[in-house]
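Written below as structure tokens is the structure these notes are about.
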Amino acid sequence: MKAERSFRSDARRAQVTLEIASRAAGLCYAELPEDIRHLARQCLLDWLGVTLAGTTEELSLILLAEAEEQGGRPVATLIGRAAKAPTHQAALLNGTASHALDYDDVNLTMGGHPTVPIMPALLALGEAKGVSGADLITAFVAGCETACRIGALVAPGHYAQGFHATATVGTFGAAAACAHLLKLDVTQTATALCIAGTQAAGLKSMYGTMCKPLHAGKAAQNGLLAASLAARGFSSRSDVLECAQGFADTQSRDFHADTALSEPGAGWHLRNNLFKYHAACYLTHAPIECARAIRRQSGFEPKGVREVVVCVDAGAAKVCHIPEPRTGLEAKFSLRLTTAMALAGLDTASLGIYRERNATDPALVRLRDTIAVEFKPNWPHTLAEVRVTLKDGRVFQAQHDSGVPATDLDAQQERLDAKFMSLAEPILGRGQAEQLAATVASLDRLGPLSELTGLAVPA
Numbered sequence: 005m006k007a008e009r010s011f012r013s014d015a016r017r018a019q020v021t022l023e024i025a026s027r028a029a030g031l032c033y034a035e036l037p038e039d040i041r042h043l044a045r046q047c048l049l050d051w052l053g054v055t056l057a058g059t060t061e062e063l064s065l066i067l068l069a070e071a072e073e074q075g076g077r078p079v080a081t082l083i084g085r086a087a088k089a090p091t092h093q094a095a096l097l098n099g100t101a102s103h104a105l106d107y108d109d110v111n112l113t114m115g116g117h118p119t120v121p122i123m124p125a126l127l128a129l130g131e132a133k134g135v136s137g138a139d140l141i142t143a144f145v146a147g148c149e150t151a152c153r154i155g156a157l158v159a160p161g162h163y164a165q166g167f168h169a170t171a172t173v174g175t176f177g178a179a180a181a182c183a184h185l186l187k188l189d190v191t192q193t194a195t196a197l198c199i200a201g202t203q204a205a206g207l208k209s210m211y212g213t214m215c216k217p218l219h220a221g222k223a224a225q226n227g228l229l230a231a232s233l234a235a236r237g238f239s240s241r242s243d244v245l246e247c248a249q250g251f252a253d254t255q256s257r258d259f260h261a262d263t264a265l266s267e268p269g270a271g272w273h274l275r276n277n278l279f280k281y282h283a284a285c286y287l288t289h290a291p292i293e294c295a296r297a298i299r300r301q302s303g304f305e306p307k308g309v310r311e312v313v314v315c316v317d318a319g320a321a322k323v324c325h326i327p328e329p330r331t332g333l334e335a336k337f338s339l340r341l342t343t344a345m346a347l348a349g350l351d352t353a354s355l356g357i358y359r360e361r362n363a364t365d366p367a368l369v370r371l372r373d374t375i376a377v378e379f380k381p382n383w384p385h386t387l388a389e390v391r392v393t394l395k396d397g398r399v400f401q402a403q404h405d406s407g408v409p410a411t412d413l414d415a416q417q418e419r420l421d422a423k424f425m426s427l428a429e430p431i432l433g434r435g436q437a438e439q440l441a442a443t444v445a446s447l448d449r450l451g452p453l454s455e456l457t458g459l460a461v462p463a
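Count along the sequence shown from 1, add 4, and you get the number used in this note's numbering.
Structure (structure tokens):
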């Protein structure tokens with residue numbers, strides 16, 4: 005079956021890589037609707053907040069030590085640090101830091117996190133090249149739309165097979181974005197995508213370890229490298245997505261050219277971006293919201309719980325079902341523990357609760373162990389139902405779908421502003437954090453990106 009798919013040819017299939025490259029290369033700022041520009045600015049603001057907070061994590065410090073030992077020409081800002089690095093190192097460090105807390109945005113069409121592989125590559129390259137804020141916005145949108153098209157091309161088999169789409173598909177997104185910033189033509193952009201495709205890697209088995217955030221950093225670094233090499237004339241083929249033994253053929257059982265090349269229902273894939281307000285894997289968010297609603301409704305004490313049943317899509321079993329987490333990173337990928345945290349009234353938006361002391365806290369562990377997870381085949385990916393039965397016989401139930409994009413962008417902006425300040429203020433101080441947020445809000449009129457990146461380091 006797979007071999008037949010590999011060598012099946014038709015006009016639509018034969019042009020997938022070039023068609024996607026053409027759409028990325030042809031995008032221009034004037035064609036972007038205002039809400040798309042607004043969403044791009046929201047993605048940048050959210051990314052800066054989670055990156056600033058992620059720089060204090062141990063994995064970021066390890067990478068920083070490695071970069072300092074390697075040295076190089078300091079041209080791109082390391083977010084949150086009064087230091088610069090070579091562009092590829094900056095993309096790696098900033099990309100990894102931005103995914104360290106698993107608190108960044110999500111796009112279900114891509115099947116992963118779009119901004120963490122794309123934005124760090126763009127900022128590093130854009131700062132070095134002196135591009136404008138409008139250029140950054142356009143290139144970012146080109147990268148996101150590309151990532152979503154390629155995610156749709158190989159879904160659901162790619163993710164189900166064990167690949168982390170943020171790492172793999174994200175590499176293509178970063179390459180397309182950087183190719184746009186470098187003003188590469190369609191042929192050069194296709195070459196960049198092909199160079200990206202042969203580097204795209206990342207395994208879901210690494211969830212709960214430092215390697216998952218590293219995936220985002222490597223995707224940013226590899227995508228930047230792919231575009232830079234293509235600009236210099238580095239050779240590759242032009243059909244990596246559809247060719248035999250290419251990306252789709254080796255990494256997925258699915259190939260949906262029509263889906264990848266058709267226009268999304270909302271007009272732009274970026275309109276389907278989802279932002280996180282809990283600092284854990286996105287598939288834990290719907291159960292968390294259910295648990296929070298039940299707690300508000302009932303006001304019960306955790307010790308009064310007899311049993312809890314969490315119903316989620318079967319796909320979550322291979323994403324966020326670490327039954328007995330022992331570390332803070334593992335806690336972010338535990339449906340049982342994050343639900344217990346919400347039922348106990350802990351603030352799941354707070355970075356400080358995802359620590360070993362909570363993962364092993366006896367009271368939380370007892371509550372966690374009352375929770376059974378039922379995996380339902382063919383459920384909506386982001387839908388959850390939670391049923392809590394108390395020892396006195398009362399039963400409370402709630403349902404929530406965390407996969408519905410916001411339609412009120414002003415209300416979303418308020419939530420993102422609050423999230424950003426909570427993450428950025430401890431690093432930058434209130435005044436500078438507010439100034440950075442204001443600079444993002446006026447990004448379309450910004451000159452060289454150094455005006456932005458200069459505010460993203462402690463004074």
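Note that beta-carbon positions come from the ideal geometry of N, C-alpha and C, so glycine has one too.
With residue i as the anchor, note down where its alpha helix (DSSP H) starts and where it stops.
i           : result
residue 70  : 62-74
residue 322 : It is not in any alpha helix (DSSP H) - residue 322 carries neither H nor E in the DSSP assignment.
residue 176 : 169-185
residue 293 : 289-302
residue 455 : 454-457
residue 198 : 190-201
residue 23  : 20-29
residue 449 : Segment: none, residue 449 is in no alpha helix (DSSP H) and carries neither H nor E.
residue 148 : 137-158
residue 338 : From DSSP, residue 338 is part of no alpha helix (DSSP H); its letter is neither H nor E.
residue 279 : Taken as a continuous stretch (DSSP letters only), residue 279 belongs to no alpha helix (DSSP H), as it is neither H nor E.
For residue i, count the other beta carbons within 10 Å of its own beta carbon; 16 or more makes it buried, fewer makes it exposed. Which is it?
i           : result
residue 153 : buried
residue 460 : buried
residue 310 : exposed
residue 66  : exposed
residue 301 : exposed
residue 37  : exposed
residue 462 : exposed
Verify whether the separation of the beta carbon atoms of residue i and residue j is less than 9 Å.
i           : j           : result
residue 238 : residue 195 : yes
residue 124 : residue 156 : no
residue 169 : residue 147 : no
residue 457 : residue 81  : yes
residue 61  : residue 127 : no
residue 386 : residue 312 : no
residue 340 : residue 375 : yes
residue 444 : residue 22  : no
residue 453 : residue 140 : yes
residue 227 : residue 175 : yes
residue 223 : residue 377 : no
residue 206 : residue 447 : no
residue 395 : residue 212 : no
Taking only the alpha-carbon atoms, compute the straight-line gap between residue i and residue j and give it to the nearest angstrom.
i           : j           : result
residue 182 : residue 240 : 17 Å
residue 159 : residue 257 : 9 Å
residue 50  : residue 114 : 18 Å
residue 306 : residue 344 : 9 Å
residue 208 : residue 379 : 18 Å
residue 260 : residue 280 : 29 Å
residue 235 : residue 192 : 7 Å
residue 28  : residue 150 : 7 Å
residue 25  : residue 45  : 24 Å
residue 441 : residue 52  : 9 Å
residue 366 : residue 330 : 12 Å
residue 247 : residue 59  : 39 Å
residue 254 : residue 449 : 43 Å
residue 71  : residue 63  : 12 Å
residue 413 : residue 43  : 8 Å
residue 383 : residue 88  : 46 Å
Could you work out which residue in the options is closest to residue i when comparing CA atoms only?
i           : options               : result
residue 198 : 427, 36, 230 and 276  : 230
residue 283 : 37, 49, 54 and 244    : 54
residue 221 : 261, 402 and 172      : 172
residue 90  : 111, 131, 108 and 38  : 131
residue 276 : 145, 315 and 343      : 145
residue 320 : 313, 297, 328 and 288 : 288
residue 342 : 184, 187 and 286      : 286
residue 315 : 243, 404 and 308      : 404
residue 214 : 354, 436 and 97       : 97
residue 296 : 102, 453, 134 and 348 : 348
residue 303 : 267, 327, 337 and 346 : 346
residue 201 : 79, 354, 177 and 184  : 177
Which two residues bound the contiguous beta strand (DSSP E) that contains residue i?
i           : result
residue 103 : Unbroken run through residue 103 is the alpha helix (DSSP H), 91-103; no beta strand (DSSP E).
residue 375 : 375-380
residue 405 : 399-405
residue 59  : Taken as a continuous stretch (DSSP letters only), residue 59 belongs to no beta strand (DSSP E), as it is neither H nor E.
residue 246 : Per DSSP, residue 246 belongs to no beta strand (DSSP E) and is neither H nor E.
residue 387 : 387-394
residue 312 : 309-317
Closest Cβ-Cβ distance between residue i and chain D: below 9 Å?
i           : result
residue 237 : Of the protein chains in the structure, only one exists, and it is not chain D.
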